[in-house]
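Trainee:
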Amino acid sequence: MASRTRRHRQPASRAGDGSRRRRLPMRLLLPVLVLVALMAMLMLRGYVHSEILADHRIQPEASSDKVPEDIVDGGPVIDTRSGRATSLGVPDHKLVLTFDDGPDPTWTPKVLDVLKKHHAHAVFFVTGTMTSRYPDLVQRMVAEGHEVGLHTFNHPDLSYQSKKRIDWELSQNQLAITGAAGIRTSLFRPPYSSFADAMDNKSWPVTQYIGSRGYITVVNNTDSEDWQKPGVDEIIRRATPHGGKGAIVLMHDSGGDRHQTVQALDKFLPELQAQGYEFDNLTEALDAPSAHTEVTGPELWKGKAWIFLVQASEHITDVLVVGLSIIGGLVIGRFVLMLLLSGIHARRVRRRGFRWGPSVTEPVSVLVPAYNEAKCIENTVRSLASSDHPIEVLVIDDGSSDGTARIVEAMGLPNVRVIRQLNAGKPAALNRGLANARYDIIVMMDGDTVFEPSTVRELVQPFGDPRVGAVAGNAKVGNRDSLIGAWQHIEYVMGFNLDRRMYDILGCMPTIPGAVGAFRRSALERIGGMSEDTLAEDTDVTMALHRDGWRVVYAENARAWTEAPETVQQLWSQRYRWSYGTMQAIWKHRKALVERGPSGRFGRVGLPLVSLFMVVAPLLAPLIDVFLLYGVIFGPTQKTIVAWLGVLAIQVVCAAYAFRLDKEKMTHLISLPLQQILYRQLMYVVLLQSWITALTGGRLRWQKLRRTGVVEAPGGPVPRQRTGDSSDRRPVG
37 MASRTRRHRQ PASRAGDGSR RRRLPMRLLL PVLVLVALMA MLMLRGYVHS
87 EILADHRIQP EASSDKVPED IVDGGPVIDT RSGRATSLGV PDHKLVLTFD
137 DGPDPTWTPK VLDVLKKHHA HAVFFVTGTM TSRYPDLVQR MVAEGHEVGL
187 HTFNHPDLSY QSKKRIDWEL SQNQLAITGA AGIRTSLFRP PYSSFADAMD
237 NKSWPVTQYI GSRGYITVVN NTDSEDWQKP GVDEIIRRAT PHGGKGAIVL
287 MHDSGGDRHQ TVQALDKFLP ELQAQGYEFD NLTEALDAPS AHTEVTGPEL
337 WKGKAWIFLV QASEHITDVL VVGLSIIGGL VIGRFVLMLL LSGIHARRVR
387 RRGFRWGPSV TEPVSVLVPA YNEAKCIENT VRSLASSDHP IEVLVIDDGS
437 SDGTARIVEA MGLPNVRVIR QLNAGKPAAL NRGLANARYD IIVMMDGDTV
487 FEPSTVRELV QPFGDPRVGA VAGNAKVGNR DSLIGAWQHI EYVMGFNLDR
537 RMYDILGCMP TIPGAVGAFR RSALERIGGM SEDTLAEDTD VTMALHRDGW
587 RVVYAENARA WTEAPETVQQ LWSQRYRWSY GTMQAIWKHR KALVERGPSG
637 RFGRVGLPLV SLFMVVAPLL APLIDVFLLY GVIFGPTQKT IVAWLGVLAI
687 QVVCAAYAFR LDKEKMTHLI SLPLQQILYR QLMYVVLLQS WITALTGGRL
737 RWQKLRRTGV VEAPGGPVPR QRTGDSSDRR PVG
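Counted the way the working numbering counts, the sequence shown spans residues 37 to 769.
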């Protein structure tokens, strides 16, 4: 009755505090914010590199019958600000050098150095993209007496653009200049412009509109055509006006290799100065007020904020690119190591006559820590009862509230004991079982796992080698019929078991799986038993055994079938604990890096590999997909897809090899591409959340996963003994 009352009250409770419950928990909010921030930085970088919203169309020539003759036949300075169109030329013996498309980090400083050397001024028509990326160069231009003008933000042909897009190009270009040099400018040069007589019916309305926004349009009447790189002497010839006339000369300080421009400029300036020419900026040549206006207040800070964000996006993206290179190297390096070393391992243990040492036939103790495993525990215990190796089974009931202990006791199986304790956690339960075990070899398994009849026998054979302190078994996913189960199946076969073969050869196995592992009792006692210091007690104890000088090996035929999480939430909880626990174990054993002997060998080989492959690589792996998405949308699409398919092909080869070694069907690999796209993102967010928990000093508690009891060993279910009261198998509310 009480439970029914609680169910009736739940909707009201949700209605009353629904807004509070809908809030995203901080542990999820932080990873989401980090991902959004990184994507925003990447998009911003794409924008300032003209990879996003860029328009590279160029308008073909059109008729010019609507352009006033005074403009077509006039000078290169066009002023339509007052609503009337006027044009101006440069006085004789005055040259206005103009440089388009910069600033460029390589060539603009060289141009500025030559101008400074010869005491000449010029006008730099800068784009917003380049100004945002290299603001110090624009600041230097202004500081050395040069003028800057707008050349749009993304360099589109404005005759194709709407007035809204034109305003955007102008305002963003101006914002970048303000942030770089603290000024506004009234000079503008349209991209792809030429002489005044090239103005046509498409470009003239744009020039009129630009004037209505307060800008003077500056074209040119002398083109050096330096972009063609015709040679230093030819650039000088084309840039020199005839008869001592004044001119606005078009050059470029960006857009490619400009070494001829720099060399020509160094020769051109003194030659023309010797002929009586002056090299001024535009307003100096026209004897007009400066085109620059100082900006203060909020507009200045907006500009500085823009430059800061662009610079941040540049640096962050550079870091991401480095991260992508690192993860690429780690992925390829890991796959090469796995393929090479796992093959060596398989050949070693499968060769005819291979033996670890004398056959191990003595009985062993199997510890089964159980907390609320009513749905699984009978399958688990019955699978052990079918073992072809002599065993005793100790089920340590860790304060279960669902009748787990009663189910085991009711089975009445020989050599099966139940030990009850108040809830104290898995390490405490295992230590309790260790204290009550009769034999010198201890097998540990989870309460949701099923052994094959030969599992225990195969698992304990390596103890024929007295140097072996622990053995990792072959954990397999039993519930692989769902998509999420199939993904975990791939991960177990490829990511865990292939790894274990590699680590076995390298002598630095990082983890004995909790689902199927065996230990020499004396080895456990020497390290103090199972530790409660971390949430990954299996990783913790394995590292401790390495540091104590024991060998830890992998037994491929010791198969155990475990129930993997069947929902995203359960998978999240499990992997969050694993990731955080692994970090705790690495940190706990960090002193091994500087120690001598077996501990130092593990510290300088095992810890770096575990850190790189289990922490760093998964954290950086989504960069492959981030750059894939970016490249597919914004280009280069074909190269991006080919590169991603190349990485996927390597993974398919490794996965197929792992499945072949484990004698698994290849059909599950059909879902591998989807796993790489979706599953990896989930693992990334879990790992990022673990990092945040660790860095913020948070603590993570054990999270019990809900079980279904559907996992059985191959060959069908173990014969079951029915108990009198089925209610014992349902969790007690």
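All residues carry an ideal CB built from backbone N, CA and C; glycine is no exception.
Only counting the same chain, and skipping five residues up and downstream in sequence, which positions put a Cβ closer than 6 Å to that of Pro753?
Mentor: For the purposes of this step, residue 753 is taken as residue 717 along the sequence shown, with counting starting at 1. Residue placement at Pro753 cannot be trusted, given a pLDDT of 46 that sits under 50; what the coordinates show is reported in the next sentence. Result list for Pro753: empty, nothing under 6 Å.
Trainee: Would you mind listing the alpha helix (DSSP H) stretches within the region 435-489 that are 4+ residues and don't spill past its ends, in chain order?
Mentor: Listed in chain order, the complete alpha helix (DSSP H) runs (minimum 4 residues) inside the region 435-489 are 440-447 and 462-472.
Trainee: Among Phe670, Asp438 and Thr167, which residue has its Cα nearest to the Cα of Cys412?
Mentor: Numbered from its first residue, the sequence shown carries residue 412 at position 376. Ranking Phe670, Asp438 and Thr167 by Cα distance to Cys412 puts Asp438 first.
Trainee: What residue does the alpha helix (DSSP H) around Thr598 start on, and which one ends it?
Mentor: Mapped onto the sequence shown, residue 598 falls at position 562. Counting along the chain, Thr598 falls outside any alpha helix (DSSP H), though it belongs to the beta strand (DSSP E) covering Arg587 to Thr598.
Trainee: For the 8 Å Cβ check, are there 3 or more pairs between the region 507-517 and the region 606-614?
Mentor: No: the two stretches stay apart, fewer than three of their Cβ pairs being nearer than 8 Å.
Trainee: Asn209: beta carbon under 7 Å from a heavy atom of the ligand ZN?
Mentor: Ligands displayed in this structure: none; no statement on the ligand ZN is therefore possible.
Trainee: Please return the same chain residues whose Cβ sits closer than 8 Å to the Cβ of Glu568, not counting the five positions on each side in sequence.
Mentor: Translated into positions along the sequence shown, residue 568 becomes position 532. Answer for Glu568: Gly461, Pro463 and Ala464, listed in chain order.
Trainee: Exposed or buried, which one is Thr673 when buried takes at least 16 other CB atoms within 10 Å?
Mentor: For this step, residue 673 is matched to residue 637 along the sequence shown. Thr673 should be labelled exposed.
Trainee: Put Met545 into one of helix, strand or coil per three-state DSSP.
Mentor: Residue 545 sits at position 509 when you count from the first residue of the sequence shown. Of the three classes helix, strand and coil, the one that applies to Met545 here is coil, per DSSP.
Trainee: Nearest-angstrom Cα distance between Thr499 and Arg557?
Mentor: Counting from 1 along the sequence shown, the entry for residue 499 is found at position 463. Counting from 1 along the sequence shown, the entry for residue 557 is found at position 521. Looking at the sequence shown, residue 499 is not Thr but Phe. Rounded to whole angstroms, Phe499 to Arg557 spans 11 Å at the Cα level.
Trainee: How would you write the range of the beta strand (DSSP E) that Ile526 sits in, first residue to last?
Mentor: The residue given as residue 526 occupies position 490 in the sequence shown. Segment Leu519 to Ile526 is the alpha helix (DSSP H) holding Ile526; no beta strand (DSSP E) there.
Trainee: For Asp137 versus Ser378, is the C-beta spacing smaller than 8 Å?
Mentor: As a position in the sequence shown, residue 137 is number 101, starting the count at 1. As a position in the sequence shown, residue 378 is number 342, starting the count at 1. Not closer than 8 Å, so no.
Trainee: For the candidate residues Ser118, His182 and Thr397, whose alpha-carbon lies nearest to that of Pro139?
Mentor: As a first step, residue 139 must be located in the sequence shown, where it is residue number 103. Taking only the C-alpha atoms, the option nearest Pro139 is His182.
Trainee: Taking Asp661 as the reference, which of Val162, Gly247, Ser419 and Leu356 has the closest Cα?
Mentor: By one-based count along the sequence shown, residue 661 stands at place 625. Ranking the options by Cα distance to Asp661, first place goes to Leu356.
Trainee: Can you find at least 3 beta carbon pairs, one from the region 151-163 and one from the region 336-356, that sit closer than 8 Å?
Mentor: Judged by Cβ distances under 8 Å, the region 151-163 makes no contact with the region 336-356, as fewer than three pairs qualify.
Trainee: Would you kindly report the start and end of the unbroken alpha helix (DSSP H) that includes Ser361?
Mentor: For the purposes of this step, residue 361 is taken as the residue at position 325 of the sequence shown. Taken as a continuous stretch (DSSP letters only), the alpha helix (DSSP H) holding Ser361 covers Pro334 to Arg386.
Trainee: Should Tyr539 and Met545 be called a contact, given that it needs their Cβ atoms to be closer than 8 Å?
Mentor: Position 503 of the sequence shown, counted from the start, is the residue given in the question as residue 539. Position 509 of the sequence shown, counted from the start, is the residue given in the question as residue 545. For Tyr539 and Met545, yes; Cβs fall inside 8 Å.
Trainee: On the three-pair Cβ rule with 8 Å, is the region 413-427 touching the region 479-498?
Mentor: A contact exists between the region 413-427 and the region 479-498.
Trainee: Mind checking who Ser99 pairs with in its DSSP beta bridge?
Mentor: The residue you call residue 99 lines up with position 63 of the sequence shown. For Ser99, which the question treats as bridged, DSSP gives no partner whatsoever.
Trainee: So what does Lys199 bridge to, in DSSP terms?
Mentor: Taking the sequence shown and counting its residues from 1, the one referred to as residue 199 is at position 163. According to DSSP, Lys199 bridges with nothing at all.
Trainee: When the Cα of Asp149 is compared with those of Val126, Arg176, Asp128 and Val132, which residue comes out closest?
Mentor: By one-based count along the sequence shown, residue 149 stands at place 113. Of the listed residues, the one whose Cα sits closest to Asp149 is Arg176.
Trainee: Whose CA, out of Gly393, His351 and Thr485, lies closest to the CA of Lys512?
Mentor: Working through the sequence shown from its first residue, we reach residue 512 at position 476. Ranking the options by Cα distance to Lys512, first place goes to Thr485.
Trainee: Let's see if you can read the secondary structure: which residues bound the alpha helix (DSSP H) around Pro654?
Mentor: Start at 1 with the first residue of the sequence shown, and residue 654 comes out as number 618. Start and end: Ala653 to Leu656.
Trainee: How would you label Gly633, buried or exposed, when you count the other beta carbons within 10 angstroms and need 16 or more for buried?
Mentor: Translated into the one-based positions of the sequence shown, residue 633 becomes position 597. Under this definition Gly633 is an exposed residue.
Trainee: Could you tell me which of Gly448, Val577, Val242 and Arg536 sits nearest to Gly505, measuring between CA atoms?
Mentor: As a first step, residue 505 must be located in the sequence shown, where it is residue number 469. Checking every option, the nearest Cα to that of Gly505 belongs to Val577.
Trainee: Per DSSP, what kind of secondary structure is Met566 in: helix, strand or coil?
Mentor: Position 530 of the sequence shown, counting from 1, holds the residue named residue 566. Coil, per DSSP.
Trainee: Check whether the Cβ atoms of Leu186 and Phe224 lie closer than 8 Å to each other.
Mentor: In the sequence shown, counting from the first residue as 1, residue 186 sits at position 150. In the sequence shown, counting from the first residue as 1, residue 224 sits at position 188. Cβ atoms of Leu186 and Phe224: closer than 8 Å.
Trainee: Could you give the distance in angstroms between the alpha-carbon of Ser647 and the alpha-carbon of Tyr590?
Mentor: Numbered from 1 along the sequence shown, position 611 holds the residue referred to as residue 647. Numbered from 1 along the sequence shown, position 554 holds the residue referred to as residue 590. Answer to the nearest angstrom: the Cα atoms are 20 Å apart.
Trainee: Excluding sequence positions up to five away, which residues of its chain have a Cβ less than 6 Å from the Cβ of Phe649?
Mentor: The sequence position of residue 649 within the sequence shown is 613, counting from 1. The residues are Arg370.
Trainee: By a C-beta neighbour count over all protein chains shown, 10 Å radius and 16 as the cutoff for buried, is Trp623 buried or exposed?
Mentor: As a working mapping, residue 623 is identified with position 587 in the sequence shown. Trp623 should be labelled exposed.
Trainee: If you draw a straight line from the alpha carbon of Ala98 to that of Trp240, how long is it in whole angstroms?
Mentor: Locating residue 98 in the sequence shown gives position 62, where the first residue counts as 1. Locating residue 240 in the sequence shown gives position 204, where the first residue counts as 1. Straight-line Cα distance between these residues: approximately 11 Å.
Trainee: Where do the ends of the alpha helix (DSSP H) carrying Ala310 lie?
Mentor: Here residue 310 refers to the residue found at position 274 when the sequence shown is read from its first residue. Note, Ala310: alpha helix (DSSP H), His295 to Ala310.
Trainee: Kindly indicate which residue of Pro489, Thr397 and Lys701 has the alpha-carbon position closest to the one of Ala522.
Mentor: Here residue 522 corresponds to residue number 486 of the sequence shown, with the count starting at 1. Taking only the C-alpha atoms, the option nearest Ala522 is Lys701.
Trainee: Is Gly215 helix, strand or coil by DSSP?
Mentor: Within the sequence shown, residue 215 is the residue found at index 179, counting from 1. In the structure shown, Gly215 sits in a helix (DSSP, three-state: H, G or I).
Trainee: Using a Cβ-Cβ cutoff of less than 6 Å, which residues in the same chain neighbour Pro141 once the five nearest sequence positions on both sides are dropped?
Mentor: Taking the first residue of the sequence shown as position 1, residue 141 is located at position 105. So the list reads Tyr170, once near-sequence residues are dropped.
Trainee: Excluding five sequence neighbours on each side, which residues of the same chain lie with their C-beta closer than 7 Å to the C-beta of Phe695?
Mentor: Counting from 1 along the sequence shown, the entry for residue 695 is found at position 659. Here the set comprises Val529, Met702 and Leu705.
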